[in-house]
Amino acid sequence: MSGIHQFVPMLHRRDAVGEHARALRDLLRAAGYPSEIYIELPDPETEGETRPFRSYEDDAAPGDVLVYQFATRSAEAGWLQARPEPVVVNYHSITPPSYFGPWNDGIARSQVACLAELAGLAPTAVLGIAVSRFDEAELQAAGCRRTEVVPVVNASGPGSPPDPDEEARLAGWAGDGPLWLSVGRLAPNKRHESVLAAFYVYRREIDPSARLVIVGAPTEPNYAAALRRYRTRLGLDQVVALRTGLTPGQLAAHYRSASVLVSLSEHEGFGVPLVEAMRSGLPIVARAAGAVTETVGEAGLLLRDSGPRGVAASVSEVLHSPDLVSAMVAAAPGQLTALGVDDAPRRLVEVLGAVARAACGDPPPTK
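Here the numbering used here = 1-based position in the sequence shown + 4.
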């Protein structure tokens, strides 16, 4: 059987793209396809699971399909463009360079180069797989001739059970007050500073007992440092926790313990935390930007304006409206079904299998 191999610039654990790639590898192997993950840069945590991408030149076999997990700049893009094998672009969105310009010129330049790589690779790919309709539009604009929408596979299933020790720790820290939760990389497009501002207003004008946890890896160090300084200036050091490197069980405990998920990201290609919140029965207040609207549907309160007083008032409305929360929670299962999240593993293997059969000249399977 032909192999379906993945290429990712760097394979991280506890990262949306990295966990998607690892889950897809396991799904492909379970379906009988030889499947390896090739990387440009090693991560010590996953080094045993990967191979240098140029070593594929020695591993190549007739009928192989190459899947590029496209999210950041990499030398892999140009290399794949020149390969004779059919290439599938699994697109996870590119954060516009303008978000990083004020913080990190190097990252901003890298994002500009990433957009150029997409423009070069998309027209030559046999298929583009987007994780949302929002991302599909970006793929099509880049010149991808054939596209499919399949959500990230690591958002499927019930997830890990909450860690009881973490639940107890959060209960002791938050007390009887409402617990806000915001999950996402500490990057400028996520707008965690807007969450801090809204939380400040909420505590000052609505409920001084509230607590906030922001969970996310510090992707851009200057922004992450500024976020911590802003927390201090607002006098919130004792009531706002910044967490990273959580285990799946610890993260699940945060969803279980929280009163509301607040997401004010301005550019979102899908939004795994939104799905995790829906699965946990957690009400959502989110900015209607990027793919958030299609991801959340009726399972959350969507905002056109992320001004601090408006957000604070919206959170208060949710936390003081049991009927509204019940409606959101009741809408979540149907929204997850409409997104096709639970069907994503089967669907993605099916789509890639069709490309592999075409590469080998095999007829499609009979139903």
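Each residue gets a CB set at the ideal place from its N, CA and C atoms; glycine is no exception.
All values reported here derive from a predicted model rather than from experimental measurement.
Taking the CA atoms as reference points, residue 125 sits about 29 Å from residue 346. Inter-segment contact for the region 194 to 211 and the region 230 to 237 is present: three or more beta-carbon pairs are separated by less than 8 Å.
Membership of residue 94 in the beta strand (DSSP E) is indicated by the continuous run 91 to 95.
Comparing C-alpha distances from residue 162 to each of 154, 283, 220 shows the shortest one belongs to 283. Listed in chain order, the beta strand (DSSP E) elements of length 3 or more contained wholly in the region 256 to 321 are 264 to 267, 288 to 291, 305 to 307.
Note: residue 74 is bridge-paired with 95 in the DSSP secondary-structure output.
Straight-line measurement puts the Cα of residue 131 at about 35 Å from the Cα of residue 259.
Between residue 247 and residue 219, the gap from beta carbon to beta carbon is short of 7 Å. Along the region 111 to 148, the beta strand (DSSP E) occurs as fully enclosed runs of 3 or more residues at 131 to 134, listed in sequence order. The way I'd put it, the region 347 to 355 does touch the region 29 to 38; three or more beta-carbon pairs between them come closer than 8 Å. Restricting attention to 194, 108, 164, the CA atom closest to the CA of residue 250 is found in 164. Assigned with DSSP and collapsed to three states, residue 254 falls in helix. Excluding the 5 residues flanking it on each side, residue 129 has same chain C-beta neighbours closer than 7 Å at 91, 92, 93, 148, in chain order. A contact is defined here as three or more CB-CB pairs under 8 Å, and the region 150 to 162 meets this definition with respect to the region 272 to 291.
Between residue 330 and residue 268, the CB-CB gap reaches or exceeds 7 Å. Checking the DSSP bridge columns, you'll see residue 177 has no partner listed. DSSP, reduced to helix, strand and coil, places residue 198 within a helical segment of the structure shown. A distance below 6 Å between beta-carbons, with the five flanking residues on each side excluded, links residue 301 to the following residues of its chain, in chain order: 339. Rounded to the nearest angstrom, the gap between the Cα atoms of residue 141 and residue 332 is 28 Å. For residue 192, same chain residues with a beta-carbon under 7 Å away, outside a window of 5 residues either side, are 103, 104, 107, 224, 227 in chain order. Of the residues assessed, residue 341 falls on the exposed side of the cut-off, its CB having fewer than 16 other CB atoms within 10 angstroms. Straight-line spacing of the CA atoms in residue 52 and residue 40 works out to 11 Å. In this structure, the beta-carbon distance from residue 182 to residue 323 falls below 7 Å. For residue 42, the beta-bridge partners assigned by DSSP are 11, 55. By the Cβ neighbour-count rule, residue 327 is exposed, with fewer than 16 other Cβ atoms within 10 Å of its own.
Cα atoms of residue 84 and residue 68: separation of roughly 13 Å, rounded to the nearest angstrom. Remark: C-beta atoms of residue 170 and residue 257 approach each other more closely than 7 Å. By alpha-carbon distance to residue 363, the top candidate from 89, 43, 127 is 89.
Burial of residue 7 is indicated by the presence of at least 16 other C-beta atoms within 10 angstroms of its C-beta. The continuous alpha helix (DSSP H) containing residue 330 extends over residues 326 to 343. The three-state secondary structure of residue 18, taken from DSSP, is coil. It is roughly 43 Å from the alpha-carbon of residue 266 to the alpha-carbon of residue 87. Spanning the alpha carbons of residue 56 and residue 306 requires a straight line of approximately 43 Å. Going by C-alpha positions, residue 46 is about 15 Å away from residue 25.
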